[in-house]
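*Asks:* Handing you this structure, nothing more for now.
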Amino acid sequence: MGSGFNSAMMNGTPNMWGDQLVFVEPESEHSAASFCEGFAVAGGRVTNFTSGQGLVLMKEVLYTISGKRLPVVFNIGARALTSQSLNVHAGHDDVMSVADCGWGILFGRNAQEAGDLCLICRRAAEASATPFLNVQDGFLTTHTVESVRLPEEEFMKEYIGKPEDKLTNLMDTDNPLMSGVVQNQDSYMKGKLAQRWYYDQVEPALEEAFAEFYRNTGRKYDFVDAYRCEDAEYILVGIGSYMETAQTTIDYLRDVKGIKAGCLNVYCFRPFPSRRIVEVLKDCKAFSVIERMDDPLSTTGNHLTREIKAAFCDAMTGQNGVEKIDRIPKVYHGAAGLGSRDVRPGDIIAIFDNMMTDSQDFFSVGIKHSTALEVKEDPDLRPTGAFSMRGHSVGGFGSVTTNKVIATIGGQVFGKDVQAYPKYGSEKKGLPTTYYLTIADSHIYSHSELEYVDLVVLNDTNAMISGNPLKGMVDGGAIVMQSPYSEPADVWKRIPLHHKKTIQEKNLHLHFLDMVSIARDVASVADLEMRMQGIVLLGAFLRLTPYAQDAAMTDEEVYEGVEKALRKYFGKRGEQVVQDNLTCVKRGYSEMREVPREIIGNGHA
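Anchor point for the sequence shown: position 404 equals 1126 in this note's numbering, and the numbering is continuous, going up by one each time.
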């Protein structure tokens, strides 16, 4: 997000009202927040992009921004904090550590929601003179390529309004205001409590922003989103991307297992929607709260759990605007997805099993630990007709970028819904990495590593020896592998015996081509020779999938779309690099071969 803003500024792109953009990259996140404060004090519309330790380093300044009523919006890729070890992946530690700074906080579950809520945050912030954090899960959302519907520029201009019409310049010498001054015993408390007037405006400002956005786009947001909770006996509550995985799992539990299950996604953490949450949960038998963090010294639970328990305490006495109730459902709570740990449908099913058998008050999922719940089933909950690919590669081969290019083509050329993401962490040059892609005719709800796949790509054939790359392949699926051999028999001879059996038993189609040789032949820029190995796969993908045929597109139309996508990712390296990549794609399409069935056999290696 920040680099996109910087690129626009460097290319002279103005904002929607013709004003020149300003981009500043100071020496630290604390300095960045201070710059944002100064820009906003002078009447500017300002944003920031940060996460993890950077957000925590800003904390001192976050208080002053809210105290001066500066309606800025910071975009956060929520990450785990360095505690017992360094981890830069998804966690809510960072956001929860600044939840007491007087900022509104909204959480999106996917790329579409992250973009939409950014606009909603801006409108609500400026209507209530309160800064907002617009939060999405680090890597699991920030680094995932998904299909989105972008709002039209005219709507955005009308929705958030011209900065000069919405913001106050506190440095205007013709209209002097006092802000951020020293206040001692006689004044500080009066000023601090007087700020409650502004915070009283936040909830109605959000209600209005949600309603106006829905009226113009048809996309509905609220403080919470209850899914199939009307008659639910058991409900899962949470924040962030795994709540979409929960939603599709609820359909499975309802429609296949006959369990009256529901899930409650919390979009808004500040102001905390106590009344709305109690209203949804009060009639169920039990609910479980999952959180992407762990605070073991709080014996009543992590942040979201504590807030919900406090809301029910108010409800029992009818205080703070929460309707009085006479019972509290059984409350379970757990840690899930810390540091981007996978949260699968099977984990969510285990959480419901835990509620129905009244087992552990506190639990964890996805790991081996004394608190962990046992996963007994993990169903395939991809949309009907979905196509999924898993790739095993090495950092530096260009495979992660190729995955993004394929997703771009699937969405923009073939008109499909796509979801593509790498398993970041081992993506550095020379180390193994894994990447995933799903293409479907409808929205892809599950946010988890792919266990059910139609196509496995082996850019790195060491995966055949050191791992189990064929795990989860569907019957009749396909394999594309790097091979320097030209004869199918030579390729088959080098497949490990246990993988041969899998290929035979599942009737898999084994394809091969020499991506390394193609890249070496084509690359006109020496330092791109290694990276071009990955892009050869795109040609193989086009040949193995029916999307061009289904869309009734000619080869020329397909390659026109491919070239456009390649230019998006490689255009800054020059036209020759774009054409080299296109040549790699075409050679991947024409040079891929299949090991015949008579060589593979049907039961014996």
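Every residue gets a Cβ at the ideal spot worked out from N, C-alpha and C, and that includes glycine. Keep in mind the model is a prediction, meaning the values are calculated, not measured.
Where does the unbroken alpha helix (DSSP H) through Asn1303 begin, and where does it stop?
*Replies:* If you number the sequence shown from 1, residue 1303 lands on position 581. Here the alpha helix (DSSP H) through Asn1303 covers 1297-1313.
*Asks:* Cβ of Met1252 within 7 Å of Cβ of Gln1204?
*Replies:* Here residue 1252 corresponds to residue number 530 of the sequence shown, with the count starting at 1. Here residue 1204 corresponds to residue number 482 of the sequence shown, with the count starting at 1. No. Outside cutoff.
*Asks:* Could you give the distance in angstroms between the alpha-carbon of Phe727 and the alpha-carbon of Gln1134?
*Replies:* Reading the sequence shown from its first residue, position 5 is the one you call residue 727. Reading the sequence shown from its first residue, position 412 is the one you call residue 1134. Answer to the nearest angstrom: the Cα atoms are 22 Å apart.
*Asks:* If you compare alpha carbons, which of Ile1071, Ala1057, Arg941, Ser909 is closest to Ala983?
*Replies:* Counted from its first residue, the sequence shown places residue 983 at position 261. The shortest C-alpha separation from Ala983 is found at Ile1071.
*Asks:* Which residue wins for smallest C-alpha separation from Ala754, given the options Gly740, Lys1294, Ser773?
*Replies:* Locating residue 754 in the sequence shown gives position 32, where the first residue counts as 1. Nearest C-alpha to Ala754: Ser773.
*Asks:* Can we say the region 1216-1227 touches the region 1301-1310, given the rule of at least three CB pairs closer than 8 Å?
*Replies:* Because the criterion of three Cβ pairs below 8 Å is not met, the region 1216-1227 and the region 1301-1310 do not touch.
*Asks:* How close, in whole Å, do the beta carbons of Asp1069 and Val1087 come, if the pair is a contact with beta carbons under 8 Å?
*Replies:* Residue 1069 sits at position 347 when you count from the first residue of the sequence shown. Residue 1087 sits at position 365 when you count from the first residue of the sequence shown. Right, the Cβ-Cβ distance comes to about 4 Å (below 8 Å), so this counts as a contact.
*Asks:* Have a look at the DSSP bridge pairing and note the partners of Ser1115.
*Replies:* Here residue 1115 refers to the residue found at position 393 when the sequence shown is read from its first residue. Thr1155, per the DSSP bridge assignment.
*Asks:* For Arg1328, which of helix, strand or coil comes out of DSSP?
*Replies:* Past the boundaries of the shown model lies residue 1328; the chain is included only from 723 to 1327, so the question cannot be answered.
*Asks:* Which value, in whole angstroms, describes the spacing of the CA atoms of Phe861 and Met965?
*Replies:* Residue numbering aside, residue 861 sits at position 139 when the sequence shown is read from its first letter. Residue numbering aside, residue 965 sits at position 243 when the sequence shown is read from its first letter. Their backbone Cα atoms lie some 16 Å apart in a straight line.
*Asks:* To the nearest angstrom, how far is the alpha carbon of Cys843 from that of Thr895?
*Replies:* By 1-based counting over the sequence shown, the position of residue 843 is 121. By 1-based counting over the sequence shown, the position of residue 895 is 173. Each residue's Cα considered, the two are about 30 Å apart.
*Asks:* Using only alpha-carbon positions, find the residue among Ile1187, Ala730, Thr1124 that is nearest to Lys1222.
*Replies:* By 1-based counting over the sequence shown, the position of residue 1222 is 500. Among Ile1187, Ala730, Thr1124, the Cα nearest to that of Lys1222 is on Ile1187.
*Asks:* Using 7 Å as the threshold, is the C-beta distance between Asp1182 and Val1196 below it?
*Replies:* Indexing the sequence shown from 1 puts residue 1182 at position 460. Indexing the sequence shown from 1 puts residue 1196 at position 474. No, they are not a contact pair.
*Asks:* Whole angstroms is fine: what's the gap from Cys1316's alpha carbon to Glu1279's?
*Replies:* Your numbering for residue 1316 matches position 594 in the sequence shown. Your numbering for residue 1279 matches position 557 in the sequence shown. This sequence places Glu at residue 1316; Cys is not what is there. Each residue's Cα considered, the two are about 26 Å apart.
*Asks:* Between which residues of its own chain and Ala1328 is the CB-CB distance below 6 Å, once the five residues before and five after are set aside?
*Replies:* With the chain represented from 723 up to 1327, any question about residue 1328 goes unanswered, as that position is not in the structure.
*Asks:* Could you give the DSSP three-state label for Cys1035: helix, strand or coil?
*Replies:* Stepping through the sequence shown from its first residue, residue 1035 is reached at position 313. Here Cys1035 sits in helix by DSSP.
*Asks:* Thinking C-alpha only, which one of Ala1245, Val1044, Leu928 is nearest Arg992?
*Replies:* Locating residue 992 in the sequence shown gives position 270, counting from the first residue. Minimum Cα distance to Arg992 is reached at Leu928.
*Asks:* Does the Cβ of His1331 have 16 or more other Cβ atoms within 10 Å, making it buried, or fewer, making it exposed?
*Replies:* Since the first residue of the chain shown is 723 and the last is 1327, residue 1331 is not available in this structure.
*Asks:* Among the residues of its own chain, which have a CB less than 6 Å from the CB of Asn797, if the five just before and after it don't count?
*Replies:* As a working note, residue 797 is residue 75 in the sequence shown. The residues are Met723, Phe771, Asn856.
*Asks:* For Leu792, I'd like the list of residues in its chain whose CB is within less than 7 Å of its CB, leaving aside the five on either flank, ordered along the chain.
*Replies:* The count along the sequence shown starts at 1 and reaches residue 792 at position 70. So the list reads Glu759, Ala762, Val763, Pro853, once near-sequence residues are dropped.
*Asks:* Would DSSP call Arg1216 helix, strand or coil?
*Replies:* For this step, residue 1216 is matched to residue 494 along the sequence shown. Coil at Arg1216, not helix or strand.
*Asks:* Any idea which residues DSSP pairs Leu841 with across the strands?
*Replies:* Here residue 841 refers to the residue found at position 119 when the sequence shown is read from its first residue. The partner list for Leu841 (beta bridge, DSSP) is empty, contrary to what the question assumes.
*Asks:* Using 10 angstroms around the beta-carbon of Asn681, count the other beta-carbons present and answer buried if the total reaches 16, otherwise exposed.
*Replies:* Residue 681 lies beyond the range of the chain shown here (723 to 1327); nothing can be said about it.
*Asks:* With burial defined as no fewer than 16 other Cβ atoms inside 10 Å of the residue's Cβ, what is the status of Trp825: buried or exposed?
*Replies:* Here residue 825 corresponds to residue number 103 of the sequence shown, with the count starting at 1. Flag for Trp825 reads buried.
*Asks:* Are the Cβ atoms of Gly1118 and Lys1151 separated by less than 7 Å?
*Replies:* Within the sequence shown, numbered from 1, the residue matching residue 1118 stands at position 396. Within the sequence shown, numbered from 1, the residue matching residue 1151 stands at position 429. Yes, these two residues count as a Cβ contact at 7 Å.
*Asks:* If you run the structure through DSSP and keep just helix, strand and coil, what is Ala954?
*Replies:* Numbered from its first residue, the sequence shown carries residue 954 at position 232. Coil at Ala954, not helix or strand.
*Asks:* Any idea which residues DSSP pairs Asp1139 with across the strands?
*Replies:* For this step, residue 1139 is matched to residue 417 along the sequence shown. Asp1139 is bridged to Ala1162.
*Asks:* Return the chain-ordered list of same chain residues with a C-beta closer than 6 Å to the C-beta of Tyr1167, the five sequence neighbours on each side being excluded.
*Replies:* Against the sequence shown, residue 1167 aligns to sequence position 445. Taken in chain order, the residues that qualify are Glu966, Gln969, Thr970.
*Asks:* So what does DSSP say about Met893, is it helix, strand or coil?
*Replies:* The residue labelled residue 893 in the question sits at position 171 within the sequence shown. Coil, per DSSP.
*Asks:* Ordered along the chain, which non-local residues of its own chain (more than five positions away) have a Cβ less than 7 Å from that of His1165?
*Replies:* In the sequence shown, the residue the question calls residue 1165 occupies position 443. These residues qualify, in order along the chain: Asp1139.
*Asks:* Given Arg801, which residues of its chain have a CB within under 7 Å of its CB, disregarding the five upstream and five downstream residues?
*Replies:* What you label residue 801 is simply residue 79 of the sequence shown in a count that begins at 1. Cβ within range, chain order: Ser773, Gly774, Val810, His811, Ala812, Gly813, Asp816, Gly860.
*Asks:* Does the beta-carbon distance from His1231 to Ala1200 come in below 7 Å?
*Replies:* By 1-based counting over the sequence shown, the position of residue 1231 is 509. By 1-based counting over the sequence shown, the position of residue 1200 is 478. Cβ atoms of His1231 and Ala1200: closer than 7 Å.
*Asks:* Could you tell me the distance, in whole angstroms, from the CA atom of Arg1242 to the CA atom of Met1254?
*Replies:* The sequence position of residue 1242 within the sequence shown is 520, counting from 1. The sequence position of residue 1254 within the sequence shown is 532, counting from 1. Cα to Cα, the separation comes out at about 8 Å.
*Asks:* Less than 6 Å separating the Cβ of Ile1050 from some heavy atom of the ligand MG?
*Replies:* Here there are no bound small molecules, and the ligand MG is not part of this structure.
*Asks:* Comparing C-alpha positions only, which one of Asp1080, Gly1194, Asn1190 sits nearest to Leu1172?
*Replies:* Taking the sequence shown and counting its residues from 1, one reaches residue 1172 at position 450. Here the closest residue by C-alpha is Gly1194.
*Asks:* By alpha-carbon positions, which one of Phe757, Pro1051, Tyr1311 ends up nearest to Pro748?
*Replies:* By one-based count along the sequence shown, residue 748 stands at place 26. The candidate whose alpha carbon is nearest that of Pro748 is Phe757.
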